[in-house]
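In the working numbering, the protein residues as written are 5 to 517. Each residue gets a CB set at the ideal place from its N, CA and C atoms; glycine is no exception. Notes for the one structure printed next.
Shown next as structure tokens:
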């Protein structure tokens with residue numbers, strides 16, 4: 005006799021004793037017809053939370069397997085919580101960019117046929133289920149733009165992979181991250197690829213490949229000579245950007261409608277960096293005014309300066325894994341932290357003097373990572389404020405600028421003077437990639453839904469992308485006056501960038517991976 009426990013809710017357990025008579029040639033794990041078990045993909049519910057239930061007679065391939073994630077809200081919300089079989093624990097991403105992922109190593113290759121997701125209130129409205137044999141080439145076996153949260157049973161899937169990931173690109177309303185109670189994966193053994201055979205004869209010419217991404221720009225509604233600089237996805241499903249010379253914060257919808265806000269911003273403050281906050285607002289830095297600003301989706305502005313050293317020149321800003329905002333102080337040579345209530349703390353111990361701190365992002369390890377443009381290093385600061393610098397492997401005088409977490413659990417950054425793209429692992433190992441046209445000045449970088457990293461080239465009038473293997477593709481904007489600077493992934497999955505010279509916001513269509 006075998007015993008199987010079904011957990012209906014955290015408060016009680018129903019133990020079902022099921023006698024399975026195993027005869028020759030019949031597996032005890034095969035989907036059976038016992039009416040006591042719910043049909044495949046059904047979930048158990050209680051009055052407070054929905055929980056995932058096991059598919060009838062099948063083995064959950066994800067149970068207790070190794071899981072990683074693009075970021076963590078806190079150390080207590082690790083990726084392993086989504087595959088531990090404990091229905092009271094959950095993975096939760098850090099509040100940051102719209103693109104996040106949870107990846108599971110199934111241990112062997114399987115033909116995936118079903119995935120069950122139990123979302124917490126912070127669910128994804130736009131996401132994919134992707135599979136891969138090698139963690140490099142990913143295939144989407146399911147995608148939706150109408151995710152509704154709760155318990156989602158995705159059946160009828162078909163794809164072979166050892167690795168499976170939930171790849172989310174748009175938050176649920178009023179949320180700034182993603183959270184999953186549990187992920188269940190079902191399928192059959194697919195085996196692993198055998199050794200490569202001898203090359204066959206050349207085949208006929210194949211069809212024309214996929215067209216290059218189409219980029220367009222928007223200028224209507226942006227005040228002349230405003231100098232759009234940083235851009236980020238907001239908690240309201242729109243894009244928000246700073247107009248540094250215009251001394252404004254602006255919002256652009258995914259369809260290109262622009263609204264500008266200036267009331268409440270100190271004159272001549274030179275807004276610089278911007279990010280969506282964990283509190284449902286948008287936060288920005290004011291480099292000249294030495295302040296941190298907050299703007300609601302309705303356009304109401306508050307400014308905070310108490311606790312920032314005079315003349316610090318705050319630049320980059322991001323939402324941290326601890327529910328606070330973190331920013332760089334370029335002249336002050338410090339990292340700042342501000343709570344949603346406006347309480348500021350500075351950290352400087354461990355940063356080389358005159359490093360010229362630039363951009364900052366949340367890493368897959370739950371720490372904050374930042375670039376040191378003058379110091380030619382990449383820095384890491386824990387939520388507790390412990391700083392470590394990494395310089396080995398970065399070409400001298402490369403001037404690291406933009407930085408982002410990639411879909412491969414590494415950090416990727418641009419080298420503006422070195423004309424390269426860099427990659428650094430969470431343990432500090434650096435690789436550099438060439439292939440950008442000579443004389444270019446890459447400025448910023450973001451992870452996209454096609455599993456590539458997209459970057460801006462402010463001197464070459466181009467945007468480009470680099471694959472996880474290091475292959476670089478450049479895309480001309482067709483305008484010799486263009487000067488693309490900041491770049492981000494929008495709520496609908498396209499790439500958005502600022503064009504400071506032509507006073508426009510650009511958008512490039514991106515295909516699903």
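Beta-carbon separation (whole angstroms), residue 337 vs residue 357, contact threshold 8 Å: 6 Å
Residue 264: first and last residue of the uninterrupted beta strand (DSSP E) it sits in: Where residue 264 is concerned, the enclosing beta strand (DSSP E) stretches over 262 to 265.
Report the rounded CA-to-CA distance for residue 4 versus residue 75, giving the unit in angstroms. One cannot answer for residue 4 here, as it falls past the ends of the chain, which runs 5 to 517.
Contacts around residue 249, its chain only, beta-carbon distance under 7 Å, and the 5 residues preceding and following it disregarded: 229, 230, 231
Taking only runs that begin and end inside the stretch 211 to 287, name each unbroken beta strand (DSSP E) of 3 or more residues, in chain order. 219 to 222, 232 to 237, 243 to 247, 252 to 256, 262 to 265, 275 to 280
Sequence-distant residues of the same chain with beta carbon closer than 8 Å to residue 222, five excluded per side: 256, 260, 262, 508, 509, 510, 511
Could you tell me if residue 283 is buried or exposed, where buried requires 16 or more neighbouring beta carbons within 10 angstroms of its beta carbon? Buried.
For residue 290 and residue 275, believed in contact at Cβ under 8 Å, the rounded distance: The beta-carbon distance between residue 275 and residue 290, rounded to whole angstroms, is 6 Å. This is short enough to meet the 8 Å contact definition.
Per-residue DSSP class, three states only, for residue 497: coil
For residue 170, the three-state DSSP class (helix, strand or coil): strand
Kindly confirm or deny that the stretch 293 to 311 and the stretch 353 to 373 touch, where touching means at least three C-beta pairs closer than 8 Å. No, the stretch 293 to 311 does not touch the stretch 353 to 373.
For residue 126, which residues in the same chain have their Cβ closer than 6 Å to its Cβ, ignoring the five residues on either side in sequence? 179, 181, 182, 183
For residue 338, which beta-bridge partners are listed by DSSP? Beta-bridge pairing links residue 338 to 333.
In chain order, what are the residue ranges of uninterrupted beta strand (DSSP E) at least 3 long that sit wholly in the stretch 336 to 418? 338 to 342, 348 to 351, 361 to 366, 372 to 376, 381 to 385, 391 to 394, 404 to 409
Given a cut-off of 7 Å on the beta-carbon distance, is the pair residue 105 and residue 171 in contact? Judged by their CB atoms, residue 105 and residue 171 are nearer to each other than the 7 Å cut-off.
Distance check for residue 278 and residue 310, CA to CA, integer angstroms please. If you take the alpha carbons of residue 310 and residue 278, they lie about 19 Å apart.
Specify, as a first and last residue, the run of the beta strand (DSSP E) that residue 425 falls within. 424 to 428
When burial is assigned at 16 or more other CB atoms within 10 Å of the CB, is residue 433 buried or exposed? By the neighbour-count definition (other C-beta atoms within 10 Å, threshold 16), residue 433 is an exposed residue.
Endpoints, the beta strand (DSSP E) within which residue 461 is located: 457 to 461
Mapping DSSP to helix, strand and coil, what is residue 85? helix
Considering only the beta carbon of each residue, do residue 362 and residue 379 sit closer than 7 Å? no
Cβ neighbours of residue 143 in the same chain (closer than 6 Å, five flanking residues each side left out): 135, 163
Three-pair Cβ contact test at 8 Å for the stretch 473 to 492 versus the stretch 142 to 157: A contact is defined here as three or more CB-CB pairs under 8 Å, and the stretch 473 to 492 fails this definition with respect to the stretch 142 to 157.
What residue range is occupied by the uninterrupted beta strand (DSSP E) comprising residue 112? 104 to 123
Does the Cβ of residue 464 have 16 or more other Cβ atoms within 10 Å, making it buried, or fewer, making it exposed? buried
Start-to-end residues for the beta strand (DSSP E) that takes in residue 469: Taken as a continuous stretch (DSSP letters only), the beta strand (DSSP E) holding residue 469 covers 466 to 470.
Measuring straight from C-alpha to C-alpha, what distance separates residue 459 and residue 493? 11 Å
Looking at C-alpha atoms only, which residue of 313, 312, 333, 315 is the closest neighbour of residue 321? Per the Cα distances, 333.
Close beta carbons around residue 281, own chain, < 8 Å, minus the five adjacent residues each side: Close CB contacts of residue 281 within its chain, under the 8 Å cut and outside five residues either way in sequence, are with 99, 180, 239, 287, 298, 323, 329, 344 (chain order).
Residue 187 bridges to which residues according to DSSP? 121
Report the partner residues of residue 165 according to the DSSP bridge assignment. 114
Comparing C-alpha positions only, which one of 87, 77, 133 sits nearest to residue 453? 133
In terms of DSSP beta bridges, what is residue 447 paired with? The partner list for residue 447 (beta bridge, DSSP) is empty, contrary to what the question assumes.
Just how far apart, CA to CA, sit residue 157 and residue 446? 42 Å
To which residues of the same chain is residue 109 closer than 7 Å at the C-beta, ignoring the five residues directly before and after it? For residue 109, where only same-chain residues beyond five positions count, the Cβ hits under 7 Å are 69, 70, 166, 167.
Taking residue 335 and residue 316 to be in contact with their CB atoms under 8 Å, please state how far apart those CB atoms are, rounded to whole angstroms. 6 Å
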